[in-house]
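Residue numbers (this note's numbering): 870 to 1027.
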C-alpha cells in the first residue's frame, strides 16, 4: 500500500480547509479533467466516527462547489460552473483504504489489513499511523504493520 501525503494531492489542502469549516473531514479528493469538463469527487467523514448523512454531503457540496470553481478558474480561464461537476459521498461502511494517509483520519475505527508477511488478515482498531506503518490494537495486543507489507485494507462493519 502506498502512502501519498495529502499535501501532494492537487487542491486537497485548500478543499480540506473548506470541509473542516463545515465540521467534517476530507478523506479523498479527485479532480479529473474530462474532455473540456472537470469532474470532482470528494469523500468525506465525520470526526466523531458517526455515519455521514445526506445532509452532511449536501453541506459540503454547497460549501465546496464555489471554492473548487474558484481554485480551478485560477488555473484555467475556460472553467465555468457549467463544465464542473461534483460528487460528494461518504466512505461507506466497508471502504477499501486507497491511500495509507487515510489511516490517520480513521483513528479509532476497526479495520482489517492483509499482511503479506503473515499471508492473512490482521484485524484491529487503528491506534496510530505514520508515513511508514499503521499500529492496530487487536486480540493479541498492539501490532504495527508497515505499508509495504499491506496488500489491502478494509473497514470492518459491525
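Glycine is no exception: its CB is placed at the ideal position from the N, C-alpha and C atoms. These numbers come from a predicted model, not from an experiment.
In terms of residues, what are the limits of the beta strand (DSSP E) holding residue i?
| i | result |
| --- | --- |
| residue 954 | 953-958 |
| residue 902 | 893-903 |
| residue 1010 | 1010-1015 |
Which one or two residues does DSSP pair with residue i in a beta bridge?
| i | result |
| --- | --- |
| residue 884 | None; residue 884 has no bridge partner. |
| residue 995 | 1005 |
| residue 989 | 984 |
| residue 1021 | 983 |
| residue 913 | 895 |
| residue 968 | According to DSSP, which records beta bridges pairwise, residue 968 is partnered with nothing at all. |
| residue 1026 | The partner list for residue 1026 (beta bridge, DSSP) is empty, contrary to what the question assumes. |
Given that a residue counts as buried once 16 or more other Cβ atoms are within 10 Å of its Cβ, and exposed if not, what is residue i?
| i | result |
| --- | --- |
| residue 993 | buried |
| residue 913 | buried |
| residue 873 | exposed |
| residue 916 | exposed |
| residue 1008 | exposed |
| residue 1002 | buried |
| residue 902 | exposed |
| residue 998 | buried |
| residue 919 | exposed |
| residue 925 | buried |
| residue 921 | buried |
| residue 900 | buried |
| residue 960 | buried |
| residue 969 | buried |
| residue 1017 | exposed |
Would you give the residue range spanned by the alpha helix (DSSP H) that residue i belongs to?
| i | result |
| --- | --- |
| residue 936 | 923-944 |
| residue 973 | 971-974 |
Contact check, residue i vs residue j under 8 Å by CB: the rounded distance?
| i | j | result |
| --- | --- | --- |
| residue 891 | residue 923 | About 14 Å separates the two Cβ atoms, so there is no contact after all. |
| residue 1025 | residue 984 | Actually they do not touch by this definition, with Cβ atoms about 15 Å apart. |
| residue 884 | residue 933 | 6 Å |
| residue 886 | residue 965 | In fact, because the Cβ distance is near 26 Å, the residues do not count as touching under 8 Å. |
| residue 974 | residue 894 | 6 Å |
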